[in-house]
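Numbering (the numbering used here), first residue to last: 35 to 223. Data first, discussion second: the structure below is written as structure tokens.
This is the structure we're talking about:
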């Protein structure tokens, strides 16, 4: 690259790599010094290219820093967003777990209440059966006692009636013996 071309280069649009390539080309094309690894280059041309690089670098470095800052900012924003999402998901998961635990406790409680109620119902059913059986036996016993009492009273009444009939028949026989057969207007006579 010539000095004129370097001067015409706009540092805002020129690429740093283009200038570096130009520097490399100049050094490779430079005349070598005999018996040495040194070469002769145009001082002014090299200084012009280095000045061009100095003018480009702040812009390039600034753009690179902005890109890095943006990248770092984007990464940090990504981390913040990830942390927010994780915190929200953790909170929601904790809420779901709490609801599940409450539901489980409710179901366990309901199940236990149901089991207790079923047990109580079975106890009451058995008590009712026992009481009904006892009442039936009591009723049968009472019925037998009533039957025996009535039987005893009827037997006593029958005996009294038999005595009374016997007394009546003897009384009638005496009357017939004394007066003979009597015709009565009364029914049953």
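Think of the CB as a built atom: it goes at the ideal place given N, C-alpha and C, for glycine as much as any other residue.
Residue span of the alpha helix (DSSP H) that contains residue 63, given as start and end: Its alpha helix (DSSP H) spans residues 50-63.
Proximity below 8 Å, CB of residue 50 to CB of residue 90: For the 8 Å CB-CB criterion, residue 50 and residue 90 form a contact.
Length of the line joining the Cα atoms of residue 175 and residue 187: Computed Cα separation, rounded: 18 Å.
Residue 101 classed as buried or exposed, judged by whether at least 16 other C-beta atoms fall within 10 angstroms: Residue burial annotation: residue 101 is exposed, with fewer than 16 other C-beta atoms found within 10 angstroms of its C-beta.
Neighbour-count burial assignment, residue 41, 16 or more Cβ in a 10 Å radius: Residue placement at residue 41 is flagged as unreliable, the pLDDT there being 41, under the threshold of 50; the coordinate-derived value follows with that caveat. Under a 10 Å Cβ-count criterion, residue 41 is classified as exposed, with fewer than 16 other Cβ atoms of the shown protein chains found around its own Cβ.
DSSP three-state assignment for residue 75, whether helix, strand or coil: Three-state result, residue 75: coil.
Residues that DSSP places opposite residue 196 in a beta bridge: For residue 196, which the question treats as bridged, DSSP gives no partner whatsoever.
Assigned secondary structure, residue 45 (DSSP; H/G/I helix, E/B strand, else coil): With a pLDDT of only 46 at residue 45, under the threshold of 50, the placement of this residue in the model should not be trusted, and no figure is reported.
Buried versus exposed call for residue 97 [16 or more other C-beta atoms within 10 Å across all chains shown]: Residue burial annotation: residue 97 is exposed, with fewer than 16 other C-beta atoms found within 10 angstroms of its C-beta.
Whole-angstrom distance between residue 65 and residue 54, CA atom to CA atom: Distance between the alpha carbons of residue 54 and residue 65: 19 Å.
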